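Adding 830 to a residue's 1-based position in the sequence shown gives its number in my numbering.
Ideal placement from N, C-alpha and C gives every residue a C-beta, glycine not left out.
Values in this document were obtained by computation on a predicted structure and should not be read as measured data.
Presented below is the structure to which this report refers.
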Amino acid sequence: MQNFEKLGVFYLGKEYDPAAGATKDNLILYDARDLTTHALLVGMTGSGKTGLATALIEEAAIDGIPAVLIDPKGDLGNLLLQFPNLEPGDFRPWVDETEAARQGLSPEQFAAKTAAAWKNGLAAWGQDASRIRRLKETVDLAVYTPGNTAGRPLQILRSFAAPPDTIAQDTSARRDRILSAVSGLLGLTGLAADPVQSREHILLSNIFDRAWREGRHLDIAGIIQEIQKPPFDKVGVFDLEAFYPAKERLGLAMSLNNLLASPGFSAWLEGEPLDVQRLLFTPEGKPRVTVLFLAHLAEAERMFFVTLLLNELLAWMRTQSGTSSLRALLYMDEIYGYFPPSANPPSKTPMLTLLKQARAFGLGVVLSTQNPVDLDYKGLANCGTWFIGRLQTERDKLRVMDGLEGAAASVGGGFDRAQTERLLAALSSRVFLMRNVHEQAPVVFQSRWALSYLRGPLTLAQIQRLAAARAAAPAAPPAPAPTPPAPTPVARSRPMLPPDLPEFFRRPRQPADTLLYKPNVVATCKLHFVDAKAGVDTWVAQTYLAPLSDDGREALWEEAERTGDLKAELDRQPAASA
């Protein structure tokens, strides 16, 4: 058998003879560098698409290539079900007891049968438990559950942070990032806003653009503040109040505030930051395969999160040096609805940008779907490798062939439509047609046996069990240290004020790394002194700055500070270091 353990070679399966209905001796050894031109995986339910995707990810992991996996359906959590000992007891907690009963077996008997099937399946494909062990030792496996604490939670505030200079100074990149962020945020509130016609979208885009050009970070509380009191007076040539009056802006602010105040949204504010570097590597630098489990989210929430993630990947990518090698992998298990041919959902722009630009940075993008009709095949022409499994309808086959023909034409290659149609008609479960622009001709192959136990979609409860089992044992507690005095409570965001109450920020006298603002009330008065006998007729202007009581209900005028004219010291927006 050919050596499939060489670095940079992905063992995907064996060549397959459709006429004979059997595999050949030739192994399918896929060049990892070919993934930098991206891949598309298409196949109906039961085609073996998940198994092939799992094999591809496993091969990358064995080579130490990190991956971010977007899992809308729950199938990719199976990658964490790796049992090097192949013992029935390892499989027992994860077998389907309903299926066991259907076969007339106890769960223990079914687990033993499954363990034997996995051991024999691996051996039939020239693999053994040592490959599973090697995979587990090479990468860290993690599962995150955005908006939920069953797995590792992710908080999203970082995603509204000012982008790095490489994006902030690139007008086109900044505009695309703003478009996706605003569309995703409004979609989460249930508002499908047009970027050109919607006042809500235009206002928020201007708020994001002003903040990011100034290097200011945003969070949802800050966005609500700026909706009520935008840091600008005009939108285009119109005065702000004519374009979007304050009373009507309050409705948009209330929609976002309701989102922020909802009990379910609090989980989006907990956990690790959405940091691509942390998704790809552990703090110690070990490559990581990260599963982003989204099956529990509503459709709008999934779109919101996927859009933010793709933008974070773009920002991370642009900080990397160029390379022709495969540096990292992005896999999305179902792109239906995220990359349509005519509509423009928030996810489409960053996805298309990745397909066009990620190659230069060594980021391979693999997209998968069981719905091949409603896809933007013009955009998918950027995919250099197509893996096509069994398709359900003639319409599906025709649509895929149209896409293949367009992809071949985009690189100046030929396309034999009649031959492709014959090959597609002969595909069965786990058998795929691979068309790779880096190879002379398409090839039909059967995918290898997966190292991971493919038990089907996982539930949140099973994800929670997996996460608990993988959590590191807590370190011994350090010796107790003296307890420092409790710090003064500090709000993480600006307090909400009525829209008609003016708000100003006093400019610091000296620059500082961190600023803490405290609320004060400003009183300006004019005193008129008149004494006809003495010939006095004078006006005196005085300004006082009074702190608030602890409960914020009253101004402490007896502690007021008399100041000069404050106008030159006041700004409409806080300093970036606050």
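Query                                                                                                                                                                                         : Result
In chain order, what residues of the same chain have a beta carbon less than 7 Å from the beta carbon of residue 1276, not counting five sequence neighbours either side?                     : 843, 844, 846, 853, 1260 and 1261
Can you grab the Cα-Cα spacing for the pair residue 992 / residue 1141, in whole Å?                                                                                                           : 12 Å
With a threshold of 8 Å, are at least 3 pairs of Cβ atoms found where one atom belongs to the region 1219 to 1226 and the other to the region 861 to 873?                                     : yes
Which parts of the region 1084 to 1165 are runs of the alpha helix (DSSP H), unbroken and 4 residues or longer, counting only runs that do not cross its ends?                                : 1106 to 1110 and 1129 to 1147
Is DSSP giving residue 937 helix, strand or coil here?                                                                                                                                        : helix
In terms of residues, what are the limits of the alpha helix (DSSP H) holding residue 918?                                                                                                    : 918 to 921
Specify the secondary structure class of residue 1403 as computed by DSSP and reduced to three states.                                                                                        : coil
Can you say whether residue 1338 is buried or exposed, counting buried as having 16 or more other CB atoms within 10 angstroms of its CB?                                                     : exposed
Please report the straight-line C-alpha distance between residue 1154 and residue 1341, rounded to a whole angstrom.                                                                          : 44 Å
At the level of alpha carbons, what is the spacing between residue 906 and residue 861?                                                                                                       : 23 Å
Looking at the strands, I want to know which residues DSSP matches up with residue 1265.                                                                                                      : 1216
How is the alpha helix (DSSP H) around residue 881 delimited, first residue to last?                                                                                                          : 879 to 892
Quick check: what's the CA-CA separation for residue 1312 versus residue 1016?                                                                                                                : Low per-residue confidence applies at residue 1312: pLDDT is 41, beneath 50, and the placement is therefore not dependable, though the value from the model is reported in the following sentence. The straight-line gap from Cα to Cα measures roughly 47 Å.
Could you tell me the alpha carbon to alpha carbon distance between residue 939 and residue 954, rounded to whole angstroms?                                                                  : 22 Å
DSSP has residue 896 in a bridge; who is on the other side?                                                                                                                                   : Its beta-bridge partners do not exist; DSSP assigns none.
So residue 959 and residue 915 are supposed to be a Cβ contact under 8 Å. How far apart are they, rounded?                                                                                    : 7 Å
By alpha-carbon positions, which one of 1334, 1376 and 1359 ends up nearest to residue 1350?                                                                                                  : 1376
From the DSSP output, in three-state form, read off residue 843 for me.                                                                                                                       : strand
Near residue 1212, what residues of its chain come up, given a Cβ to Cβ distance below 7 Å and the 5 sequence neighbours on each side ignored?                                                : 868, 1185 and 1186
Quick one: what's got a C-beta closer than 8 Å to residue 1037's C-beta in the same chain, skipping five residues either side?                                                                : 1048, 1053, 1056, 1057, 1060 and 1061
Beta-carbon within less than 8 Å of residue 903's beta-carbon, same chain only, minus the 5 sequence neighbours each way: which residues are those?                                           : 1125, 1163, 1164 and 1287
Is the region 1201 to 1215 touching the region 1232 to 1248, taking contact as three or more C-beta pairs under 8 Å?                                                                          : yes
Give me the Cα-Cα distance between residue 975 and residue 1128, rounded to the nearest whole angstrom.                                                                                       : 13 Å
Between which two residues does the beta strand (DSSP E) harbouring residue 1350 extend?                                                                                                      : 1350 to 1361
Give every residue of the same chain whose Cβ lies closer than 6 Å to the Cβ of residue 1167, excluding the five residues on either side of it in the sequence, and list them in chain order. : none
In terms of residues, what are the limits of the alpha helix (DSSP H) holding residue 1240?                                                                                                   : 1224 to 1240
Quick one, which of 1385, 1384 and 1374 has its alpha-carbon nearest residue 1391's?                                                                                                          : 1374
If you pair each beta-carbon of the region 924 to 941 with each one of the region 964 to 972, do three or more pairs fall below 8 Å?                                                          : no
DSSP three-state call for residue 1376: helix, strand or coil?                                                                                                                                : strand
Can you tell me whether residue 1191 is buried or exposed, with buried defined as 16 or more other CB within 10 angstroms of its CB?                                                          : buried
Starting from the Cα of residue 1135, find the closest Cα among 977, 1112, 1291 and 1151 and give me that residue.                                                                            : 977
Starting from residue 855 and walking both ways along the beta strand (DSSP E), at which residues does that stretch end?                                                                      : 852 to 861
With H, G and I counted as helix, E and B as strand and the rest as coil, what does DSSP make of residue 1391?                                                                                : strand
Should residue 1395 go down as buried or exposed, given a rule of 16 or more other Cβ atoms within 10 Å for buried?                                                                           : exposed
Would you check if the distance between the CB atom of residue 891 and the CB atom of residue 897 is smaller than 8 Å?                                                                        : yes
For the candidate residues 1175, 1189 and 1170, whose alpha-carbon lies nearest to that of residue 1203?                                                                                      : 1170
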